[in-house]
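2 protein chains.
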Amino acid sequence: MTKKVCLVGSGNWGSAIARIIGANTQQLPEVFERDINMWVFEEEVNGRKLTEIINTEHENVKYLPGYKLPENIIAVPDLLDAEQGLKEGAMAVSLIKGIDFDKNGVVLISNIIRDALNIDCSVLMGANVANEVAAGDFCESTLGCSDLRHGALLRDLFNAPTFSVEVALDPHGVEMCGALKNVVAIGAGFCDGLNYGGNTKAAIIRLGLIEMKKFCFKYFDGVKEDTFFESCGIADLITTCFGGRNRKCAEAFVKTGQSWEELENTMLNGQKLQGTLTSKEVSTILKAHNAEDQFPLFTAIYRIAFEGADPKTITQLQPAQQ
Amino acid sequence: MTKKVCLVGSGNWGSAIARIIGANTQQLPEVFERDINMWVFEEEVNGRKLTEIINTEHENVKYLPGYKLPENIIAVPDLLDAEQGLKEGAMAVSLIKGIDFDKNGVVLISNIIRDALNIDCSVLMGANVANEVAAGDFCESTLGCSDLRHGALLRDLFNAPTFSVEVALDPHGVEMCGALKNVVAIGAGFCDGLNYGGNTKAAIIRLGLIEMKKFCFKYFDGVKEDTFFESCGIADLITTCFGGRNRKCAEAFVKTGQSWEELENTMLNGQKLQGTLTSKEVSTILKAHNAEDQFPLFTAIYRIAFEGADPKTITQLQPAQQ
Chain A
3 MTKKVCLVGS GNWGSAIARI IGANTQQLPE VFERDINMWV FEEEVNGRKL
53 TEIINTEHEN VKYLPGYKLP ENIIAVPDLL DAEQGLKEGA MAVSLIKGID
103 FDKNGVVLIS NIIRDALNID CSVLMGANVA NEVAAGDFCE STLGCSDLRH
153 GALLRDLFNA PTFSVEVALD PHGVEMCGAL KNVVAIGAGF CDGLNYGGNT
203 KAAIIRLGLI EMKKFCFKYF DGVKEDTFFE SCGIADLITT CFGGRNRKCA
253 EAFVKTGQSW EELENTMLNG QKLQGTLTSK EVSTILKAHN AEDQFPLFTA
303 IYRIAFEGAD PKTITQLQPA QQ
Chain B
3 MTKKVCLVGS GNWGSAIARI IGANTQQLPE VFERDINMWV FEEEVNGRKL
53 TEIINTEHEN VKYLPGYKLP ENIIAVPDLL DAEQGLKEGA MAVSLIKGID
103 FDKNGVVLIS NIIRDALNID CSVLMGANVA NEVAAGDFCE STLGCSDLRH
153 GALLRDLFNA PTFSVEVALD PHGVEMCGAL KNVVAIGAGF CDGLNYGGNT
203 KAAIIRLGLI EMKKFCFKYF DGVKEDTFFE SCGIADLITT CFGGRNRKCA
253 EAFVKTGQSW EELENTMLNG QKLQGTLTSK EVSTILKAHN AEDQFPLFTA
303 IYRIAFEGAD PKTITQLQPA QQ
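Note that the protein sequences, when read in sequence, are chains A and B. Going by the working numbering, the first sequence runs without a break in its numbering and finishes at 324. Going by the working numbering, the second sequence runs without a break in its numbering and finishes at 324.
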């Protein structure tokens, strides 16, 4: 039986991925239904409804202007209409790079989806800047899943000649990479703000990768070392530490002395940084477990970002207690 | 019994490391003799002998101008005078990033030293751009050795607050990382020459790291996966793919269409690129073992560099045969 695909979200990243999955369902009629419902948060653009523009012009003129969407992407303003009810055998995949937190610690977005819908949820993470994906530049991505059959089906949905998807049987590791790399990017931005050279920045990125691994191994079950060699690991970490808003705002934090809130207002139109938020929550977890000594880089980044520590302490790390 | 240190070479990198080991032998009189002989290829600079300038001004004005050498670094123009004969228990450490080749394949520089002197030889590799090390910018380095006692002693010689040395019991893996990263940097430079974005470059760096691992595992015994997480692995790879002459010349190769020889003449004053040389030799080995299919990135880089293949084929890799 063919699978019906519903895409929830239609921002920059959602629209870029719509171009790939829309083409793929057209080419695999024995596997997927052709038409894909895309839930769109309804808003007016130049006096017209965004859903109407997408369904007639086949372009998300607000969030991904300049790139056509396939005609089988159908914009739907009501979420329940879009997903048409969960059928037997339904599965989810989260493309959200971030994590949530509650009083007990890390809450994975995929777990929120799993718990709310009572279905399996995979994740797709990697070095995937949305506009570059939309432009058809070659990149790779990692599909983290706990069920190989789900992985194989979802790979068919996402893989393309310019979007090379590898399956990793490690959904938690893949998802945590997508969140923790933003903390390391804050550290990389501090280095740039201090005008440090390539040796130092490479050392911070490397130490960051080591602490990402250690954090995942310590607080999640079943995380695999190989995951950090996938696109979601080292590749996404590199892109984020050389490009990306977290790096950029952290550089400005050191150079201008402005607060994070001021920087978010002036540089990001008030949007919130993921890296500082995650840094704060990671630090809360480390404090609760009395484990700050074991994560000297994460701890130094937090103290510089939120406790007024000198940015230069980023390279004055105490050796980690094993 | 204290150990006498002899430094063979006094270029940019040799002079930078002299600053660290000169300070360390002063601070560890129970372990090392204070004075270090540094073999200097004798030449005239402004009418004076370079050794005489170093021994009076304590500065290598030709290869590391602007940085003082410790006064216990003694320039010696004759190599045999400098090393004063090999005593019982002597050990070597190679800081040369590169490999040699003969008709049977890869020849490690450390093996040439081992065979010629009949002593153990460790290696020191990492994200260590010489001028940044001389400036005292924080960085890390990896000491690859086969004997933990040698590793501990050599770590005392090289480690410093701004030069953090970790020991890896994997001399071949560490040394091969230092050579193979230059091949990947050629590929990263091709991406830059094609004006590809961050996603693509990160994917090429990641695929390069995977092929570096695979090449080491296939052709050397005892190489460890952890080595690629050390400074000599991922950190040096990152620095080399974002800075460095191999990346720069490969970018120009795509943009200008000039030959490697022309680029070496115009951009490097006639010095030879390590990356293209290593690419050629790696390709010879892969052909001899009928293993090109297993290394699609290394093979694509070689074909672009030497067989006139379109640079765009860097992202049109066939999946590796396992």
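Using N, Cα and C, we set each Cβ at its ideal position, and we do this for glycine too. Values in this document were obtained by computation on a predicted structure and should not be read as measured data.
- Taking a contact as a CB-CB distance under 8 Å, the pair B/GLY180 and B/MET127 counts as one, their CB atoms being some 4 Å apart.
- Look at B/TYR304: its C-beta is not under 8 Å from any C-beta on chain A.
- Boundaries of the beta strand (DSSP E) around A/CYS123: 123-127.
- In terms of beta-carbon proximity, B/ILE240 lines the interface with chain A, with at least one pair separated by less than 8 Å.
- Taking a Cβ-Cβ cut-off of 7 Å, the neighbours of A/THR317 in chain B comprise PHE140, given in sequence order.
- B/SER281 carries a helical assignment under DSSP once its states are collapsed to helix, strand and coil.
- Legend: CB atoms of the segment 198-223 of chain A lying less than 9 Å from CB atoms of chain B belong to residues TYR198, GLY199, GLY200, ASN201, THR202, LYS203, ALA204, ALA205, ILE206, ILE207, ARG208, LEU209, LEU211, ILE212 and LYS215.
- Under the three-state reduction of DSSP, A/PHE192 is assigned to helix.
- Distances from the alpha-carbon of B/PHE308 to those of B/GLY246, B/VAL78 and B/VAL284 put B/VAL284 closest.
- Looking at the backbone, the Cα of B/GLY310 and that of B/ILE240 are separated by about 27 Å.
- For chain B, the residues of the segment 239-260 of chain A that bring a beta carbon within less than 7 Å of one of its beta carbons are ILE240, THR241, PHE244 and GLY245, in chain order.
- In this structure, B/ASN201 and A/CYS234 do not form a Cβ contact; the two beta carbons are roughly 13 Å apart against a cut-off of 8 Å.
- Taking A/GLY189 as the centre and dropping the five residues before and after it, the same chain places the C-beta of ILE206, GLY210, LEU299, ILE303 and ILE316 closer than 7 Å to its C-beta, in chain order.
- Here A/PHE297 carries a coil assignment [DSSP, helix/strand/coil].
- Secondary structure note for B/MET3: it is in no beta strand (DSSP E), with a DSSP letter that is neither H nor E.
- Taking 8 Å as the threshold, the shortest C-beta distance from B/PHE160 to chain A does not fall below it.
- In this chain, the alpha helix (DSSP H) harbouring A/ASN201 covers 200-221.
- The C-alpha of A/SER166 is placed about 31 Å away from the C-alpha of B/GLY224.
- At a cut-off of 8 Å between C-beta atoms, B/SER285 does not count as an interface residue with respect to chain A.
- Here DSSP, grouped into helix, strand and coil, assigns A/CYS147 to coil.
- Comparing alpha-carbon positions, the option among B/ASP172, B/GLU232 and B/PHE255 lying closest to B/SER112 turns out to be B/ASP172.
- Excluding residues up to 5 positions away in sequence, ILE23 and ASN26 lie with their Cβ nearer than 6 Å to the Cβ of A/LEU159 in the same chain.
- A residue is called buried when at least 16 other Cβ atoms come within 10 angstroms of its Cβ; B/ARG50 does not meet this threshold and is exposed.
- Shortest Cα-Cα distance from A/LYS282 to any of A/LEU182, A/ASP194, A/ILE115 and A/ASN39 involves A/LEU182.
- Taking 8 Å as the threshold, the shortest C-beta distance from A/ILE22 to chain B does not fall below it.
- If you draw a 10 Å sphere on the C-beta of B/ASP238, you find 16 or more other C-beta atoms in it, and that means buried.
- A/VAL135 is positioned such that its CB atom lies closer than 8 Å to that of A/ALA18.
- By the criterion of at least three beta-carbon pairs nearer than 8 Å, the segment 100-116 of chain A is not in contact with the segment 60-75 of chain A.
- Annotation for B/GLU168: no alpha helix (DSSP H) segment contains it, though the beta strand (DSSP E) segment containing it runs 165-170.
- Excluding sequence positions up to five before and after A/LEU288, its CB lies within less than 6 Å of the CB of GLU294 and PHE297, all in the same chain and listed in chain order.
- Looking at the DSSP output, A/PHE43 sits in no beta bridge, so it has no partner there.
- Residue range 101-104 is occupied by the beta strand (DSSP E) that includes B/PHE103.
- The C-alpha of A/LYS274 lies about 32 Å from the C-alpha of B/ASP139.
- Secondary structure at A/PHE140: coil, using DSSP grouped into helix, strand and coil.
- Boundaries of the beta strand (DSSP E) harbouring B/VAL108: 107-110, taken from the DSSP string.
- Among the CB atoms of chain A, none fall inside 8 Å of the CB of B/GLU59.
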